[in-house]
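The structure under discussion appears below in the form of structure tokens.
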Amino acid sequence: MTTYFDGRWVDDAEATVSVRSRALNYGLGCFGGVRGYVADDGRQVLVFRLDAHVQRLAESAKVLFLRMPGTHAEVAELHLELLRRNDVHYDVYIRPLLLHNSNAMAPVLDESTTSFTMFCLPLKRYIDKDAIDVCVSSWRRVADNAIPARTKPTGAYLNSALARREAFDGGFDEAILLTESGKVSEGSAEHVFMIRRGALVSPPSTQDNLDGITRRSLIQMATEDLGLSFQEREIGRTELYVADELFLCGTGAQITPVKSVDRRAIGDGGIGPVTRRLQQHFDDVVHGRVAKRKPWLFPVWG
Ligand SMILES: Cc1ncc(COP(=O)(O)O)c(C=O)c1O
Numbered sequence: 121m122t123t124y125f126d127g128r129w130v131d132d133a134e135a136t137v138s139v140r141s142r143a144l145n146y147g148l149g150c151f152g153g154v155r156g157y158v159a160d161d162g163r164q165v166l167v168f169r170l171d172a173h174v175q176r177l178a179e180s181a182k183v184l185f186l187r188m189p190g191t192h193a194e195v196a197e198l199h200l201e202l203l204r205r206n207d208v209h210y211d212v213y214i215r216p217l218l219l220h221n222s223n224a225m226a227p228v229l230d231e232s233t234t235s236f237t238m239f240c241l242p243l244k245r246y247i248d249k250d251a252i253d254v255c256v257s258s259w260r261r262v263a264d265n266a267i268p269a270r271t272k273p274t275g276a277y278l279n280s281a282l283a284r285r286e287a288f289d290g291g292f293d294e295a296i297l298l299t300e301s302g303k304v305s306e307g308s309a310e311h312v313f314m315i316r317r318g319a320l321v322s323p324p325s326t327q328d329n330l331d332g333i334t335r336r337s338l339i340q341m342a343t344e345d346l347g348l349s350f351q352e353r354e355i356g357r358t359e360l361y362v363a364d365e366l367f368l369c370g371t372g373a374q375i376t377p378v379k380s381v382d383r384r385a386i387g388d389g390g391i392g393p394v395t396r397r398l399q400q401h402f403d404d405v406v407h408g409r410v411a412k413r414k415p416w417l418f419p420v421w422g
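Numbered according to the working numbering, the sequence shown spans residues 121 to 422.
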């Protein structure tokens, strides 16, 4: 496939960094994760909230002293060009990546050594199950004051990977991480929503979690399009066990229903009615079937 690397369009095999790179040795960088959905005509590809993703990448770059490779409009256009160059007419995931790509010793954040690369891959489901069993991880979410999770920093995914490994070893599909003070933060790569006493509830993006674009979009869809009531507040661990419905969401996971937490069934152990409604609406929105939400979609072709 064709990949973008520091101003050039190259074959994947040529888009490489040195084993000496700081980015690799110390995990110095940040990335994005963007999805394009093939439209109902089977040809057009609609990139979901591309502007918001570029904005978040720019904010992450600012926090981590990385340099964006152009204006927001130019970076957004590179995403679309990547899909055109790869002749993408299928559901796709795009990964833009900013790296502190110096081969010098010591972890240093220096804008002038930024590399920017972008690749894409076909992606249907990130979590390949209709509903999942999750555990609460024994690993705590890395605190914003230690590594700012809101920036999607490469190094922080060691935290996610430890939690996922523990979950898999325990026979679960995914992990939910708590903050150091024991409140629900997020999944290894997803945000957490529960439905309790008639309201949709999700912890704020100040709970050591990523500033989530699916999360923000879902809150708007739930409240403005479906008239659901929403509360942004802390969630305690045991509240998860007594939730009426629970789901994880993210660019990869989309809306993934949770059927149990730490072996306690959620609701009747199936997919709840509110979750189903949100899933259906989300599917309609990302495929361009909801006129009001078309401004969220960026067409690749034509
Ligand atoms: C740690 C983490 N939390 C949450 C999410 C979901 O965020 P978004 O909806 O912006 O993709 C992701 C990425 O997809 C993630 O890596």
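A virtual CB, placed ideally from N, CA and C, is assigned to each residue, including glycine.
When DSSP states are grouped into helix, strand and coil, D253 belongs to the strand group.
Restricting attention to alpha helix (DSSP H) runs no shorter than 4 residues, the segment 355-388 encloses them at 357-361, ordered along the chain. Rounded to the nearest angstrom, the Cβ distance from T334 to G370 is 5 angstroms, consistent with a contact under 8 angstroms. Residues D253, V254, I386 and G389 of the same chain have their beta carbon placed closer than 8 angstroms to that of S380, with the five preceding and five following residues left out of the count.
In this structure, L219 is the residue among P227, K244, L219 and G162 with its C-alpha nearest to the C-alpha of S235. Look at I333: its beta carbon is less than 7 angstroms from one of the heavy atoms in ligand 1. Secondary structure of R204 (DSSP, three-state): helix. Relative to the Cα of K272, the nearest Cα in the group S258, C150 and P324 belongs to C150.
The distance from the Cβ of E231 to that of L186 is about 6 angstroms, consistent with a contact at the 8 angstroms cut-off. Counting only runs of 4+ residues, the alpha helix (DSSP H) found wholly inside the segment 307-343 occupies 333-340, in chain order. Contact annotation, L148 with P216: C-beta distance approximately 16 angstroms; criterion of less than 8 angstroms not satisfied. V394 places its beta carbon less than 8 angstroms from that of L348.
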